[in-house]
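Reviewing the structure listed below.
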Amino acid sequence: MKTYHIGEKVVHCPEGVCEVEDICQIEMNKMKKYYYRLKPIQSNVKVVYIPIDKVEMHVRPLKTKQELEKIFCIEPEEQLICYRNPQKRMDIQNQAVREDDAVMLIQLIKMYRRKRQKNHISLGDARWLKEAECYLFSEMSEVLECDYNFLLQCAQYNQKIECA
C-alpha cells in the first residue's frame, strides 16, 4: 500500500491536485480509523478525508513531466465523440477518470465545451466539465509550473501549451 506524507501533493478525483495536510484518526460508529486529510489546490472544496486503507482507490501520485508531455502530443480525432445517452456518458466519464485515460478526458472535455457553446449542456454535464478540467489541468499546472488559469484559457481556445 502506497503511503503519503504531510506536505506531499497527490491527485484526487474530482478535486485534482491536493496537498496532504494531516494524517488523523476519526471515530465513526464507535470505530476509530486513520484518514488522510487533503486540501485541494484548485477546487472549491475545503478539505477531503480519505481512509488510509482505501487510499489506492481514490488517490494517486502526480504524473511526471515526461508523462504529461506525452499528453500534449495527443492529436484528438477529428470526429469528436458524442454520447447522447446520459447513462452511457456517465459510464464513459467514470471509466476515463478511474483509468486515468487522458485521451478520453480530453475528448469528453472537447465534447462538453462544444455543447456549452451551443447552450445544449445540462447542469450535471457542466459540473462534470468543470471537475474534469480541474482534475486534468490542476495536475498539469502543478507539475509543469504553469498558471492554472493560463492552461484553462489555452485549452479553451485550442492553443498550444508551452511552459518554461
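Quick note: the sequence shown uses full-length UniProt numbering, first residue 1, plus one each step.
Glycine included, every Cβ here is placed at the ideal spot set by N, Cα and C.
Excluding sequence positions up to five away, which residues of its chain have a Cβ less than 6 Å from the Cβ of M104? By one-based count along the sequence shown, residue 104 stands at place 104. Hits under 6 Å: A96.
To the nearest angstrom, how far is it from the Cα of Q66 to the Cα of N29? Position 66 of the sequence shown, counting from 1, holds the residue named residue 66. Position 29 of the sequence shown, counting from 1, holds the residue named residue 29. Going by the C-alpha atoms only, they are around 44 Å apart.
Straight-line gap, N94 to D101 (C-alpha atoms, nearest Å): Residue mapping note: residue 94 aligns to position 94 of the sequence shown, counting from 1. Residue mapping note: residue 101 aligns to position 101 of the sequence shown, counting from 1. Distance between the alpha carbons of N94 and D101 is about 10 Å.
Over what stretch of residues does the alpha helix (DSSP H) that includes V45 continue unbroken? Counting from 1 along the sequence shown, the entry for residue 45 is found at position 45. Counting along the chain, V45 falls outside any alpha helix (DSSP H), and DSSP gives it neither H nor E.
Y36 and Y4: beta carbons closer than 8 Å? As a first step, residue 36 must be located in the sequence shown, where it is residue number 36. As a first step, residue 4 must be located in the sequence shown, where it is residue number 4. Taking 8 Å as the Cβ cut-off, Y36 and Y4 qualify as a contacting pair.
If you follow the beta strand (DSSP E) that D22 is part of, which residue opens it and which one closes it? In the sequence shown, counting from the first residue as 1, residue 22 sits at position 22. Run containing D22: 16-28, per the beta strand (DSSP E) assignment.
The stretch 3-19 / the stretch 125-136 touching (three or more Cβ pairs under 8 Å): Contact between the stretch 3-19 and the stretch 125-136 is present: 3 or more CB-CB pairs across the two stretches fall below 8 Å.
What three-state label does DSSP hand R113 in the structure shown? By 1-based counting over the sequence shown, the position of residue 113 is 113. Looking at R113 - three-state DSSP - the assignment turns out to be helix.
Just verifying my parser: in three-state terms, what is the DSSP assignment at E1? As a first step, residue 1 is located in the sequence shown; it is residue number 1 there, counting from the start. Sequence check: residue 1 is Met here, not Glu. Coil at M1, not helix or strand.
For P61 versus V143, is the C-beta spacing smaller than 8 Å? Position 61 of the sequence shown, counted from the start, is the residue given in the question as residue 61. Position 143 of the sequence shown, counted from the start, is the residue given in the question as residue 143. No, these two residues do not count as a Cβ contact at 8 Å.
Hey, K54 and V47 are a contact pair by Cβ (cut 8 Å); roughly how many whole angstroms apart? In the sequence shown, the residue the question calls residue 54 occupies position 54. In the sequence shown, the residue the question calls residue 47 occupies position 47. The Cβ separation is near 17 Å, so there is no contact.
I need the straight-line Cα distance from I6 to Y34, nearest angstrom please. As a working mapping, residue 6 is identified with position 6 in the sequence shown. As a working mapping, residue 34 is identified with position 34 in the sequence shown. In a straight line, the C-alpha of I6 is about 14 Å away from that of Y34.
Looking only at its own chain, which residues have a Cβ that is under 8 Å from the Cβ of H58, when we skip the five neighbours before and after it? If you number the sequence shown from 1, residue 58 lands on position 58. H12, C13, I50.
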